[in-house]
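Working notes for the structure below.
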Amino acid sequence: MKQQNVIEEVRDQLKYLFLHRKGNDAHAAVQDVIDAIWSKDPKPKILKKIKLSNEAYKFLISLGPGLGYKEFKAKEQLFADAMGGTVQVEKRGKVITMQASTTEIKREYPYCFDPSQHKGYLPRIPSGPLRSFGHWGGSQGPCRHAEPHHCWAPGSR
Numbered sequence: 384m385k386q387q388n389v390i391e392e393v394r395d396q397l398k399y400l401f402l403h404r405k406g407n408d409a410h411a412a413v414q415d416v417i418d419a420i421w422s423k424d425p426k427p428k429i430l431k432k433i434k435l436s437n438e439a440y441k442f443l444i445s446l447g448p449g450l451g452y453k454e455f456k457a458k459e460q461l462f463a464d465a466m467g468g469t470v471q472v473e474k475r476g477k478v479i480t481m482q483a484s485t486t487e488i489k490r491e492y493p494y495c496f497d498p499s500q501h502k503g504y505l506p507r508i509p510s511g512p513l514r515s516f517g518h519w520g521g522s523q524g525p526c527r528h529a530e531p532h533h534c535w536a537p538g539s540r
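As structure tokens, then:
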């Protein structure tokens, strides 16, 4: 009986060391939060981790039976705090997607625009009802709706 406890402790320590290895901080943070909140089975399981960039990840998570999306979504801030960044949780069919960034999004970013570098450029300012990006020649092409819409630029008629 005592030997079984020692084996379980060694197994848990190896599992912890493997999960918290260098370069796996985001995965470890998400798993630690899951383990802290849901100590008993069934609990959410990370199906896949996709590295989007050095600081951004996408996790595909399966909820166990009896666990709901709203319950998981309510814990979003706990995941963000554990990662030290931002997290967005969405439901995609039977799987939860968690977009996570290890850098926190700031409230403001400095922006410098020098109009002297853009002489002769007059930005178009939309006025009137615009229903989709297709009005600007996007994927849907130019607007073909009957509703009026206009673009105004300084000096235009």
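Numbered as in this note's numbering, the sequence shown ends at 540 without a single skipped number. Cβ atoms here follow ideal geometry from the backbone N, Cα and C, with glycine treated the same way. Computed from a predicted model, the values in this text were never measured in an experiment.
Assign F516 to one of three DSSP states: helix, strand, or coil. A caution first: F516 carries a pLDDT of 45, below 50, which makes its placement in the model unreliable, though a value can still be read off. If DSSP states are grouped into helix, strand and coil, F516 belongs with the helices.
Counting only the same chain and skipping the five closest in sequence on each side, list residues whose C-beta sits under 6 Å from that of W519. Residue confidence for W519 is low, a pLDDT of 45 falling below 50, so the modelled location carries little weight and cannot support an answer.
In chain order, what residues of the same chain lie with their CB nearer than 7 Å to the CB of I488, ignoring the 5 residues before and after it? T469
With distances taken between CB atoms, is the gap from L450 to K431 smaller than 8 Å? no
Could I get the ranges of all uninterrupted alpha helix (DSSP H) runs contained in the segment 432-509, with 4 residues as the minimum, in chain order? 452-456, 459-466
Do L446 and I479 count as a contact pair if the criterion is CB distance below 8 Å? yes
If you count every other CB in all the chains shown that lies within 10 Å of the CB of A412, and 16 or more means buried, which is it? buried
Which residue's Cα is closest to the Cα of A439: D415, Y452, Q471? Q471
By DSSP, does Q386 sit in helix, in strand, or in coil? helix
With DSSP as the reference, identify every bridge partner of K428, one or two as the case may be. S445
Hey, could you find the ends of the alpha helix (DSSP H) H410 is sitting in? 408-420
Backbone CA spacing between G406 and D497 [nearest angstrom]: 40 Å
K428 versus K474 - alpha carbon distance: 14 Å
Between the Cα of M481 and those of V393, M466, N388, spot the shortest distance and give me the residue it belongs to. M466
Local Cβ density within 10 Å of F516, reported as buried at 16 or more and exposed below that: With a pLDDT of 45 at F516, under the threshold of 50, the modelled position of this residue cannot be trusted; read the value that follows with caution. With fewer than 16 Cβ atoms within 10 Å of its Cβ, F516 is classed as exposed.
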